[in-house]
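Colleague: I am attaching a structure below and will ask some questions about it afterwards.
There are 2 protein chains.
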Amino acid sequence: MLTPVAGTNRQTVYATLRRKVLTMELPPGASLSENELAAALGVSRTPVRESLILLAEEGLVQVFPKIGSFVSRVDPVRVADAQFIREAVELAALDDLPETIDPQLLADLDDNLSRQDQPGIALEDFFALDEEFHLGLLRLSGHGAAWTTVSNAKGHLDRARRLGLHDATPPTVNAAQHRAIFDAVRTGDITEAHAAMRVHLRAVFDDVERIRESNPELFASNDGSTPVRRNVVVWD
Amino acid sequence: MLTPVAGTNRQTVYATLRRKVLTMELPPGASLSENELAAALGVSRTPVRESLILLAEEGLVQVFPKIGSFVSRVDPVRVADAQFIREAVELAALDDLPETIDPQLLADLDDNLSRQDQPGIALEDFFALDEEFHLGLLRLSGHGAAWTTVSNAKGHLDRARRLGLHDATPPTVNAAQHRAIFDAVRTGDITEAHAAMRVHLRAVFDDVERIRESNPELFASNDGSTPVRRNVVVWD
DNA sequence: CGACAGCATCTTGTATACAAGCAGTCGCAC
DNA sequence: GTGCGACTGCTTGTATACAAGATGCTGTCG
């Protein structure tokens, strides 16, 4: 279970746990006992505990002292936040495009879109390309570094999106929306780019809403409180 | 040195260290030995170490394995990021204002501005009111929760701003810019609100640039690398 | 006097032991 | 059968011991 250690054990454990949470391999409500994880990963409690603290800071995990740690349910408030922030940042970046865009960056995006269009593309692969595409858009206006913040706020949104990718919206639809944004940017039609971006981001958000209706048990209640005991969901 | 413990020791230590870093009581380059901090705060290495990990995740601290932990210098890239994100989010919020704004929220903002206008206001007090004002603006459009993300990305920006508040820009100037934004929002002139917001955010950014020129040793180099050894700044 | 080798000391990373508290269960009393 | 209480086991929070490595000093040799 222990992957080859690149840096510290904590970095490896953190990356492993975060991936499993975002891919729903560890679904909302799953118990994350520090002792069990340490044994499963072949390390001590220390790196596991430090990883859980970081994941809790991201809102992906809830830690209840003396009770246990659990994968948090998808918080609609956080999803809406992430969506709002993402939309604000990406639209603002479109307003900051330079007169002449770096041809290399454009070529990278075009290549990315080509790979998105491959029929039968694996969902995980598409998801990675999707991330890269949005990062690439930010880079066009020199704001690539802002992606880190957007990405950090995006944990809940990503989990909800992944459900949507599995259940309904095919990658081809998303890829087409990406292509529309790219074409508008390349031709310098900022107004159209804005419109295409809004269409895409709203579609993502609609996906989340639809998935929420069909899988309410994976989402937290609207009142903000998200009580979880053991593996049982309690709504109060 | 140990303040009354509200929750866990880690929460207390984290809050204490974060405050000292943001207020420059612990300036960039300061050594943060886990052993020394533990002894000074009257706790063991564990809560101190966990706090440093969280601060490192925020970019406020740099941890060098087997060497030491240090308060990071202000990173111009992160400052620009935070500024860009903040501007994007706050401008987007202005576009999302409802037809009729909650009078209570407007009254709160007006009250806040009154307190900002007090002559001879302490800088720390003004800074707190400034935070509250921008959060209040986001709340007008129901996006108050997004403040958390903006705030998390804002650590470097805040440190740079605090220098500016001490050295140059008087609170009255900032308060006047706040008032201009508020008046435009209240009268429903979104175009003017946008303009006033841009004026304010750009002024903040200009402050940072100016402070950087006069205190280059507190800032990281442009190339992204920020080597620090002991208490000595090394530029390579 | 200068350069280099070795060591003493400090650092963070990890493992482990102990503390305090919640939960669910088992058993006893009624 | 039913209700209540002690208890066993598990949880996270904290303290401490050990591991591996980097740094800078110090003594020695050229």
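So the sequence lines, in the order shown, correspond to chains A and B. According to our numbering, the stretch in the first sequence is residues 1 to 236, in order. According to our numbering, the stretch in the second sequence is residues 1001 to 1236, in order. We put the CB at the ideal spot given by N, CA and C, even for glycine.
#1: Using 8 angstroms for Cβ pairs, my map puts Asn112 of chain A next to Leu129 of chain A. What's the rounded Cβ distance?
#2: List in chain order: all unbroken alpha helix (DSSP H) runs of 4+ residues lying wholly within the stretch 117–169 of chain A.
#3: Going along chain A, which residues have a C-beta under 9 angstroms from Ala1196 of chain B?
#4: Is the Cβ-Cβ distance between Phe205 of chain A and Val74 of chain A less than 8 angstroms?
#5: Under the three-state reduction of DSSP, which class applies to Val77 of chain A: helix, strand or coil?
#6: Which residue's Cα is closest to the Cα of Ser1141 of chain B: B:Gln1083, B:Leu1094, B:Ala1195?
#7: What are the residues that DSSP puts in a beta bridge with Val43 of chain A?
#8: Can the beta-carbon of Val1089 of chain B be found less than 8 angstroms from the beta-carbon of Ala88 of chain A?
#9: Can you tell me whether Ser72 of chain A is helix, strand or coil according to DSSP?
#10: Checking contacts by CB at 8 angstroms: is His134 of chain A closer than that to chain B?
#11: Closer than 9 angstroms, Cβ to any Cβ of chain A: which residues of the stretch 1072–1087 of chain B, in chain order?
#12: What's the gap between the Cα of Tyr1014 of chain B and the Cα of Ala38 of chain A?
#13: Does DSSP put Glu90 of chain A in a helix, in a strand, or in coil?
#14: Give the DSSP bridge partners of Phe219 of chain A, in chain order.
#15: Quick one: which chain B residues come within Cβ less than 7 angstroms of Ile181 of chain A?
#16: Please classify Leu1123 of chain B as buried or exposed, where buried requires at least 16 neighbouring CB atoms within 10 angstroms.
#17: Helix, strand or coil for Ser246 of chain A per DSSP?
#18: Relative to the C-alpha of Val185 of chain A, which residue among A:Leu109, A:Arg210, A:Thr8, A:His143 is closest?
#19: Pop quiz: Ile1211 of chain B and Ala1196 of chain B are said to be a contact at Cβ under 8 angstroms. What is the actual Cβ separation, rounded to whole angstroms?
#20: Identify the continuous alpha helix (DSSP H) that holds Asp96 of chain A and give its terminal residues.
#21: Whole angstroms are fine: how far does the CA of Thr16 of chain A sit from the CA of Arg162 of chain A?
#22: If you compare alpha carbons, which of A:Gly59, A:Glu217, A:Val48 is closest to Leu22 of chain A?
#23: Would Gln1177 of chain B be called buried (16 or more neighbouring beta carbons within 10 Å of its own) or exposed?
#24: Per DSSP, what are the beta-bridge partners of Phe1064 of chain B in this structure?
#25: Hey, is Thr1149 of chain B's beta-carbon within less than 8 angstroms of any beta-carbon in chain A?
#26: Counting only C-beta atoms, is Pro65 of chain A closer than 8 angstroms to chain B at any point?
#27: Can you check whether the C-beta of Glu209 of chain A is within less than 8 angstroms of a C-beta belonging to chain B?
#28: Over the uninterrupted alpha helix (DSSP H) stretch that includes Glu1058 of chain B, give me the two end residues.
#29: Just reading off the alpha helix (DSSP H) that Leu17 of chain A is part of, what are its end residues?
#30: Alpha carbon to alpha carbon, how far is Val5 of chain A from Leu32 of chain A?
#31: Closer than 8 angstroms by C-beta to Glu1034 of chain B: which residues in its own chain qualify, once you throw out the five before and the five after it? Chain order, please.
#32: Could you give the first and the last residue of the continuous alpha helix (DSSP H) run that contains Leu1201 of chain B?
#33: Can you find a CB in chain A that lies within less than 8 angstroms of the CB of Thr1012 of chain B?
#34: Would you mind telling me which residues of chain A sit closer than 8 angstroms to Thr1191 of chain B, beta carbon to beta carbon, in chain order?
Modeller: A quick look at the data gives this:
#1: Walking along the first sequence from the start, residue 112 of chain A turns up at place 112. Walking along the first sequence from the start, residue 129 of chain A turns up at place 129. About 6 angstroms separates the two Cβ atoms, so the contact holds.
#2: 123–140, 147–152, 155–167
#3: To locate residue 1196 of chain B, count along the second sequence from 1; it is residue 196. The premise fails here: Ala1196 of chain B is roughly 17 angstroms from chain A at the closest Cβ pair, so nothing lies under 9 angstroms.
#4: Translated into positions along the first sequence, residue 205 of chain A becomes position 205. Translated into positions along the first sequence, residue 74 of chain A becomes position 74. No; because the gap between Cβ atoms is not below 8 angstroms, this pair is not in contact.
#5: Against the first sequence, residue 77 of chain A aligns to sequence position 77. Note: Val77 of chain A maps to helix in three-state DSSP.
#6: Looking up residue 1141 of chain B in the second sequence gives position 141. Checking every option, the nearest Cα to that of Ser1141 of chain B belongs to B:Leu1094.
#7: Within the first sequence, numbered from 1, the residue matching residue 43 of chain A stands at position 43. In the DSSP assignment, Val43 of chain A is bridged to no other residue.
#8: By 1-based counting over the second sequence, the position of residue 1089 of chain B is 89. By 1-based counting over the first sequence, the position of residue 88 of chain A is 88. Yes. Within cutoff.
#9: Numbered from 1 along the first sequence, position 72 holds the residue referred to as residue 72 of chain A. Of the three classes helix, strand and coil, the one that applies to Ser72 of chain A here is coil, per DSSP.
#10: For the purposes of this step, residue 134 of chain A is identified with residue 134 of the first sequence, where counting begins at 1. Chain B, which has no Cβ nearer than 8 angstroms to the Cβ of His134 of chain A, makes this no.
#11: Val1077, Arg1078, Ala1080, Asp1081, Ala1082, Phe1084, Ile1085, Glu1087
#12: To locate residue 1014 of chain B, count along the second sequence from 1; it is residue 14. To locate residue 38 of chain A, count along the first sequence from 1; it is residue 38. Distance between the alpha carbons of Tyr1014 of chain B and Ala38 of chain A: 25 angstroms.
#13: Within the first sequence, the letter at position 90 stands for residue 90 of chain A. Glu90 of chain A falls in the helix class under three-state DSSP.
#14: For this step, residue 219 of chain A is matched to residue 219 along the first sequence. Phe219 of chain A pairs with A:Val74.
#15: The residue given as residue 181 of chain A occupies position 181 in the first sequence. Contact of Ile181 of chain A with chain B by beta-carbon distance below 7 angstroms is absent, the smallest such distance being about 17 angstroms.
#16: For the purposes of this step, residue 1123 of chain B is taken as residue 123 along the second sequence, with counting starting at 1. So Leu1123 of chain B ends up on the exposed side.
#17: This structure cannot speak to residue 246 of chain A, because chain A is shown only from 1 to 236.
#18: Here residue 185 of chain A refers to the residue found at position 185 when the first sequence is read from its first residue. Ranking A:Leu109, A:Arg210, A:Thr8, A:His143 by Cα distance to Val185 of chain A puts A:Leu109 first.
#19: Within the second sequence, residue 1211 of chain B is the residue found at index 211, counting from 1. Within the second sequence, residue 1196 of chain B is the residue found at index 196, counting from 1. In fact, because the Cβ distance is near 23 angstroms, the residues do not count as touching under 8 angstroms.
#20: Mapped onto the first sequence, residue 96 of chain A falls at position 96. It is not in any alpha helix (DSSP H) - Asp96 of chain A carries neither H nor E in the DSSP assignment.
#21: Here the question's residue 162 of chain A lines up with position 162 in the first sequence. Here the question's residue 16 of chain A lines up with position 16 in the first sequence. Cα to Cα, Arg162 of chain A sits roughly 17 angstroms from Thr16 of chain A.
#22: For the purposes of this step, residue 22 of chain A is identified with residue 22 of the first sequence, where counting begins at 1. Among A:Gly59, A:Glu217, A:Val48, the Cα nearest to that of Leu22 of chain A belongs to A:Gly59.
#23: In the second sequence, residue 1177 of chain B corresponds to position 177, counting from 1. Under this definition Gln1177 of chain B is a buried residue.
#24: For the purposes of this step, residue 1064 of chain B is taken as residue 64 along the second sequence, with counting starting at 1. Under DSSP, Phe1064 of chain B shares a beta bridge with B:Gly1068.
#25: The residue given as residue 1149 of chain B occupies position 149 in the second sequence. Taking Cβ atoms only, chain A reaches closer than 8 angstroms to Thr1149 of chain B, which makes this a yes.
#26: Taking the first residue of the first sequence as 1, we reach residue 65 of chain A at position 65. Interface residue, yes.
#27: By 1-based counting over the first sequence, the position of residue 209 of chain A is 209. No, Glu209 of chain A does not count as interfacial toward chain B.
#28: Position 58 of the second sequence, counting from 1, holds the residue named residue 1058 of chain B. Run containing Glu1058 of chain B: none; DSSP gives neither H nor E here.
#29: Along the first sequence, one-based indexing puts residue 17 of chain A at 17. Start and end: 9–22.
#30: Against the first sequence, residue 5 of chain A aligns to sequence position 5. Against the first sequence, residue 32 of chain A aligns to sequence position 32. Interpretation of Val5 of chain A is limited by its pLDDT of 41, a score under 50 that renders its predicted location unreliable; no figure is taken from the coordinates.
#31: For the purposes of this step, residue 1034 of chain B is taken as residue 34 along the second sequence, with counting starting at 1. Correct list, in chain order: Arg1045, Val1048, Arg1049, Leu1052, Ser1069.
#32: Counting from one through the second sequence, the residue named residue 1201 of chain B turns up at place 201. Taken as a continuous stretch (DSSP letters only), the alpha helix (DSSP H) holding Leu1201 of chain B covers 1190–1214.
#33: Position 12 of the second sequence, counted from the first residue, corresponds to residue 1012 of chain B. It does not: the Cβ of Thr1012 of chain B has no partner Cβ on chain A nearer than 8 angstroms.
#34: The residue labelled residue 1191 of chain B in the question sits at position 191 within the second sequence. Ordered by position in chain A, no residue passes the 8 angstroms Cβ test against Thr1191 of chain B, which lies about 15 angstroms from the chain.
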